[in-house]
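Data first, discussion second: the structure below is written as structure tokens.
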Amino acid sequence: MRHDFAASSLAVAVAACAAFSSLPAQAQSTASAEQLKAELSQMRQQLQQQQQMMQRMQQRLDELESKEAAQASAAPAPTPAAPSAPLVASATGPTPEESRIHRPPSALPATAEPLPEGYVQLGDTGNLIKIDVVAQFDMMFDNKFMGAKDLFVPSSIPVQGQPFHDSDSRSNLSAKQSVFRLDFRRQTDYGLLKVVYKNNFFGSGSGDMPYNMQYLYGELEAKDYSLIAGYYLSAFTDIDAFPNTLDYEGPNSFTFKYTPQVRYSPIVYRAGEGKLTVPMSVEKPNADIAQIGDFETYSRIPDLTLGLRWETPDWHIQWANLFRDLGVQSAIGDEHRNTDAYATQLSFAAGLFDNDSVQAWASYGSGYANFLQDISGFGLDAAFNANTDLKAIDAGGWGLGYTHGWSDNVSSSASYGYLRIDPDEDMLIDPSLPKSTRFASLNLAWQFSERAMLGAEYLWGKNTDLNDNDGEAQRLQVTLRYDLNP
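In structure tokens form, the structure reads like this:
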């Protein structure tokens, strides 16, 4: 600022000199002394006015500089700019209580909460996205014909007296376990908002790779609760207790169901690293009833679940309860029948040693066969009896799984499952339907690179129908999997 003031003073002086020197030479030689005195007096007055103006400007400048100096001395020293937070912090929000249970190479891909790495910011929207693509190839060798070619389903094994009971061995190749998953996240005033999409290729359409959507839901994860809305696994399903099988279907007795729902899970108690939640949901009712005549299935209310879950990074236990209404109604005369249904399930998973883990589950109820992996879709939720009353069918199942890690990259997993239905003697049910099924598996999986796995699995199953005819089958499956961004 002082440089600006000096330049202004110099400009004034130059202007005055220029004005004085610009007087015509002829006027100076001919003008009278009086005229020169008058002009000189006038110029002196102008110079005095310029000097007074410059003095006032100098005074104002001094005041401004003094004020700025005082403000600078009173202000705190500038804090160095903090390094920008990594993208992972924006993606995950508060540090979650991550599981310490070792995830073996044979674990089902694109099912668990994704790792925090790999998210990309979408411009200035505040949204983050993570893309995961799993390409999986399965080669299967069966000792006989099974109704479900790409899945090992004991209830599809032919029993004595049925076609293909003594069929020849056969092979199959499949890529239906391949997965495409998108995870969107953003921070909100209420918590971390997630939107998840996932599909595989076990659809009902024709061709080798029919599309099948598995997830499309949103979740608000707040400090004291989570809220889910959309298409997702039922709250009655405990996917964290699913054993590590290479076969996608898994144990026959596991309760595995996708459904539209809204789910609220408040955290009611914390102790150390553990927390107690009370998951509850309202879900689409899919009554699975063997129909007679022109009756159509329906439900007066949605399926309801209520549970308790204690969870720590090393283990969890969950108790879930299911409440249903099952009904049929005739298109002629609007005649209808209804029955209540319920089920309860206890499931558990824990890490052992460094790389081992155990899983267990047991369920029992009446009218929940559509939730049981092996007999879903057979119309075994309920049936008519001899008096044409609608009655829910009793069912139950249990299972175990164990994984041993030979190293961080090599593991073996074994699992067993058993389920059974117990209909009343006078129920009108097709006697060729399953009465009980059994399942067993044993595998060896090798994570030969960070994103690739090779494994082999032996599977055994047994099917017993309502007439006590049975049949057994075996399968050898070899799997090669690439996971782009787990």
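When you line the sequence shown up against mature numbering (1 follows the signal peptide of the UniProt record, and there is no 0), it's residues -27 to -1, 1 to 459, in that order.
Glycine included, C-beta positions come from ideal geometry on N, C-alpha and C.
Here the structure is a predicted model, which is why all the values come from computation and not from measurement.
Over what stretch of residues does the beta strand (DSSP E) that includes P407 continue unbroken? That run of the beta strand (DSSP E) goes P407 to S422.
Reduced DSSP category for R76 - H, G, I as helix; E, B as strand; rest coil: Correct three-state label for R76: coil.
My parser needs the alpha helix (DSSP H) runs of 4 or more residues fully inside the stretch 204 to 256; what are they? The qualifying runs do not exist here; there are none.
Name the residue from D456, N172 and K435 whose alpha carbon lies nearest to the alpha carbon of Q133. Among D456, N172 and K435, the Cα nearest to that of Q133 belongs to K435.
For H138 versus S330, is the C-beta distance shorter than 8 Å? Not a contact, by the Cβ cut-off of 8 Å.
Between which residues of its own chain and I305 is the CB-CB distance below 7 Å, once the five residues before and five after are set aside? Taken in chain order, the residues that qualify are D267.
Can you name the residues that DSSP bridges to D438? DSSP, once it has assigned bridges, lists P407 as partnering D438.
Below 8 Å on the Cβ atoms is my contact criterion, and I expect N363 with N311 to pass it. Report the Cβ-Cβ distance as a whole number of Å. Rather than Asn, the amino acid found at residue 363 in this sequence is Leu. So it is a contact: roughly 7 Å between Cβ atoms.
Please classify Q291: does DSSP put it in a helix, a strand, or coil? If DSSP states are grouped into helix, strand and coil, Q291 belongs with the strands.
What is the residue span of the beta strand (DSSP E) that H377 lies within? Residues D367 to G378.
F175 to T232, Cα distance in whole Å? So the two alpha carbons sit approximately 16 Å from each other.
So for L457, helix, strand or coil by DSSP? Coil at L457, not helix or strand.
Counting C-beta neighbours from all protein chains within 10 Å, is the total for R33 16 or more, i.e. buried, or is it exposed? Burial state of R33 is exposed, judged by a 10 Å Cβ sphere holding fewer than 16 other Cβ atoms.
Give me the residue from S79, L95, M113 and K40 with the minimum Cα distance to W433. Selected option, being the one with the closest Cα: M113.
Spatial neighbours of M253 in its chain, beta-carbon cut-off 6 Å, leaving aside the 5 residues before and after: Only Y237 and L279 meet the Cβ criterion.
V241 burial status per 10 Å Cβ neighbour count (16 or more: buried): Per the 10 Å Cβ criterion, exposed.
From L281 to W292, what distance separates their C-alpha atoms? For L281 and W292, the distance between alpha carbons rounds to 5 Å.
If you run the structure through DSSP and keep just helix, strand and coil, what is D313? D313 carries a strand assignment under DSSP once its states are collapsed to helix, strand and coil.
Within a Cβ cutoff of 8 Å, which residues of the same chain sit near R273, ignoring the five residues on either side of it in sequence? Result list for R273: D298, G300 and N311, in chain order.
Take the Cβ of R243 as the centre, count every other Cβ of all protein chains shown within 10 Å, and call the residue buried at 16 or more, exposed below. The residue in question, R243, is exposed, as its Cβ has fewer than 16 Cβ neighbours within 10 Å.
Is the CB-CB distance between I366 and D381 below 8 Å? For the pair I366 and D381, the CB atoms are not nearer than the 8 Å cut-off.
Using a Cβ cut-off of 8 Å (strictly closer), state whether E38 contacts chain D. In summary, chain D is missing from the structure at hand, where a single protein chain is found.
Bridge-paired residues (DSSP) for V106: In the DSSP output, where bridge partners are listed per residue, V106 has F153.
Whole angstroms is fine: what's the gap from A387's alpha carbon to F412's? Approximately 11 Å between the Cα atoms of the pair.
I'd like the list of long-range same chain contacts for R159, defined as Cβ closer than 7 Å, with 5 residues on each side in sequence excluded. Closer than 7 Å at Cβ, skipping near neighbours: G99, N100, L101 and L166.
Apply the 10 Å Cβ neighbour rule to Q318 and answer buried if 16 or more other Cβ atoms are within range, or exposed otherwise. Flag for Q318 reads buried.
Can you name, in chain order, every residue of its own chain whose Cβ lies under 8 Å from the Cβ of residue 473, other than the five neighbours on each side? What is shown of the chain runs -27 to 459, which leaves residue 473 out entirely.
Candidates L249, P136, F321 and N259, of which the one nearest I212 by Cα: Scanning L249, P136, F321 and N259 for the CA closest to the CA of I212 turns up F321.
Based on Cα-Cα distance, which residue from G370, W334, V255 and E398 lies nearest to Y391? Taking Y391 as reference, the option from G370, W334, V255 and E398 with the minimal CA-CA separation is G370.
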